[in-house]
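Residue numbers for the sequence shown follow the working numbering, so the first one is 3 and each next one is one higher. For reference, the structure is listed below as structure tokens.
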Amino acid sequence: MSGNEQKYIQEAFDTNWVAPLGPNVDEFEREIVNYIGANEALAVSSGTAAIHLALSLLNIAKGDSVFCSSLTFVASANPILYQGAEPVFIDSEPDTWNMSPVALERALKDAYLEGNLPKAVIVVNLYGQVAKMDEIQSLCARYDIPIIEDAAESLGSTYKGRVSGTFGEFSIFSFNGNKIITTSGGGALVSPHTELIQRARFLATQARDVAPHYQHSVTGYNYRMSNILAGIGRAQLQVLTDRIEARRKIFERYDQELKQLPGVTFMPELVNTRSNRWLTALTINEEESGITVKELLETLGESNIEARPVWKPLHMQPLFKGNRYYPHDENNHVAKRLFQTGICLPSGSNLTVEEQNRVINCIKKTFFKVTSQGGIL
Ligand SMILES: *Cc1c(COP(=O)(O)O)cnc(C)c1O
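Written as structure tokens, this is what we have:
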């Protein structure tokens, strides 16, 4: 927490706005709009809820298909299942680790020929890095398919000077506890289309018709954000810029200290883009280093350092067995390789230099032990 959260929470208590609406919610929405320059924002109970609302607004239902990045957290695709629609997974490309425009183009062409174009494309910006939006937008425009930008991990990142959250018909953010800023749990749906966000607000509040009694004509949801949590969000948004600076510094130190180790490659940053570096991620080539991700996770774990593997691609999940998937290249399955060789290092904004040194030294020691035994260096 940054310190200012208590002030906004206190205001909510003092004015008795303890409900999923109130002044903090209104202000938080306005501040999100100001920050990213969208027309309209809706604060909701989670990023997952925001994706679900976007799919609902696009009338996605049983029999429809939705394309989605494969290398992501399961929450990107779960709402497709909520709607009874069918996800089709698109592989990553090596420059951003995000949706491969080459694979997307093949998938769209096939779908067009089959007369089964997707109703939406969910594009994820992994670990803060924005996807190749020019290519993806032009492909989606060719077939007139709306983009839902899953910016859960990329709040504050930019692509060619444009801020993440402005690339889709809808974009979503998450304020879950693990994200760069948090409301403990929460999310936002943003869009250039004011009337669609108004409709989302209606759906997220149980879709209550204008009537003197309780009347409902369509299925709604209980997805609004609490006024208390929105207070936390307001204070968090004020420190977002500092957090991005801190995370980028953490990335830079890891990079400087570890990139010369054999087989180590850090997640790239695309030219003309600026990642918030939510998590520092890197890959380890086992042949060059003699070390697997699993071994490194274990040795870090023994030193009480929590690191994580890269997301397991959704096309490899038991949940999505049988769903279609388009690789970057028949001979180059990028997301699968990133999963097998990738690791996320401790990246919290409050990680001290001493703590970071401890991680760096532990990794170096692991490498030197292996390389001195195997004689690779
Ligand atoms: C965290 C996350 C979500 C879901 O957000 P919640 O607020 O936890 O529901 C969706 N997509 C990605 C890529 C995420 O990292």
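Backbone N, C-alpha and C fix where the C-beta goes; we use that ideal spot for every residue, glycine too.
Check: Identify which residue in Q238, R310 and E271 has its Cα closest to the Cα of F253.; Outcome: E271
Check: By DSSP's criteria, M344 is part of a beta bridge. Which residues make up the other side?; Outcome: Before going on, a small fix: residue 344 reads as Gly here, not Met. G344 is bridged to T285.
Check: With respect to 6 Å, is the separation between the Cβ of D152 and the closest non-hydrogen atom of ligand 1 below this value?; Outcome: yes
Check: If you reduce the DSSP assignment to three classes, tell me which class F322 lands in.; Outcome: helix
Check: Please report how far the alpha carbon of G377 lies from the alpha carbon of P264, in whole angstroms.; Outcome: In this prediction, G377 has a pLDDT of 49, which is less than 50 and means its spatial position is unreliable; what the coordinates show is noted afterwards. Rounded to whole angstroms, G377 to P264 spans 12 Å at the Cα level.
Check: Between the stretch 157 to 165 and the stretch 123 to 142, do three or more beta carbon pairs fall short of 8 Å?; Outcome: yes
Check: Among residues of its own chain, excluding the 5 on either side of G5, which ones have a beta-carbon nearer than 8 Å to its beta-carbon?; Outcome: A237
Check: How would you write the range of the beta strand (DSSP E) that L191 sits in, first residue to last?; Outcome: G189 to S193
Check: Which runs of the beta strand (DSSP E), 3 residues or longer, sit entirely within the stretch 134 to 196?; Outcome: 149 to 152, 172 to 176 and 189 to 193
Check: If we call anything under 7 Å between Cβ atoms a contact, is A51 one with F172?; Outcome: no
Check: Is it right to say L379 is buried, meaning 16 or more other beta carbons lie within 10 angstroms of its own, or is it exposed?; Outcome: Note on L379: pLDDT 45, under 50, position unreliable in the model; no value is reported.
Check: Can you give me the Cβ contacts of G222 inside the same chain, cut-off strictly under 6 Å, excluding the 5 residues immediately before and after it?; Outcome: L205, Q208 and A209
Check: Let me make sure I understand the geometry here. Which of S228, Q262, S277 and Q240 has the alpha-carbon closest to that of K251?; Outcome: S277
Check: With hydrogens ignored, establish whether the beta-carbon of V68 is closer than 6 Å to any heavy atom of ligand 1.; Outcome: no
Check: Three-state secondary structure (DSSP) at N334?; Outcome: strand
Check: Just to check, is the beta-carbon of G77 closer than 6 Å to a non-hydrogen atom of ligand 1?; Outcome: Gly is not the amino acid found at residue 77; the sequence shown has Ala there. Checking every heavy atom of ligand 1 against the Cβ of A77, one is found closer than 6 Å.
Check: Is it buried or exposed, V212, if we count other Cβ atoms within 10 angstroms and call 16 or more buried?; Outcome: exposed
Check: If you drop the 5 nearest sequence neighbours on each side, which residues of the same chain put their C-beta closer than 6 Å to that of P22?; Outcome: R226 and S228
Check: Are N178 and S156 touching if we call contact CB-CB under 7 Å?; Outcome: no
Check: Given this structure, state the Cα-to-Cα distance separating V192 from D146, to the nearest angstrom.; Outcome: 20 Å
Check: In or out: S48 buried (at least 16 other Cβ within 10 Å) or exposed?; Outcome: buried
Check: Quick one: any contact between the stretch 95 to 113 and the stretch 325 to 344, if contact means 3 or more CB pairs under 8 Å?; Outcome: yes
Check: For N224, which residues in the same chain have their Cβ closer than 7 Å to its Cβ, ignoring the five residues on either side in sequence?; Outcome: Q208
Check: Return the chain-ordered ranges of every beta strand (DSSP E) run that is complete within the stretch 71 to 132 and spans a minimum of 3 residues.; Outcome: 88 to 92 and 122 to 126
Check: In its own chain, which residues sit with a C-beta less than 8 Å from the C-beta of C70, not counting the 5 before and 5 after it?; Outcome: S78, A79, I82, P89, V90, F91, I92, V123, I124, V126 and L316
Check: Given the structure, does G2 come close to ligand 1, in the sense that its CB is under 6 Å from one of the ligand's heavy atoms?; Outcome: The structure shown has nothing for residue 2, since the chain only spans 3 to 379.
Check: Does DSSP put L60 in a helix, in a strand, or in coil?; Outcome: coil
Check: Could you give the residue range of the beta strand (DSSP E) that holds R266?; Outcome: Contrary to the premise, residue 266 reads as Val rather than Arg in this sequence. Taken as a continuous stretch (DSSP letters only), the beta strand (DSSP E) holding V266 covers V266 to F268.
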